[in-house]
Amino acid sequence: MDMKKRRDLQLAYIADETIMEEQRRCRKILQKLLCKL
1124 MDMKKRRDLQ
1134 LAYIADETIM
1144 EEQRRCRKIL
1154 QKLLCKL
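Sequence positions in the sequence shown follow this note's numbering and run 1124 to 1160.
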């Protein structure tokens, strides 16, 4: 595996982590809003 491929994989992985984190945060906010209704 060359450096370019490895970097691409790492970037994809990091992006994935960030997206998951965002979704978790959004879900928490949504649940709070729903509880208040």
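Even for Gly, the Cβ is constructed at its ideal location relative to N, Cα and C.
How is residue i classed by DSSP in three states: helix, strand or coil?
| i | result |
| --- | --- |
| M1143 | helix |
| L1160 | coil |
| D1125 | coil |
In angstroms with no decimal places, state the Cα-to-Cα distance between residue i and residue j.
| i | j | result |
| --- | --- | --- |
| K1166 | A1135 | No information on residue 1166 is available, as it lies outside the stretch 1124 to 1160 that the chain covers here. |
| C1158 | R1147 | 17 Å |
| M1124 | L1132 | 11 Å |
| Q1154 | E1144 | 16 Å |
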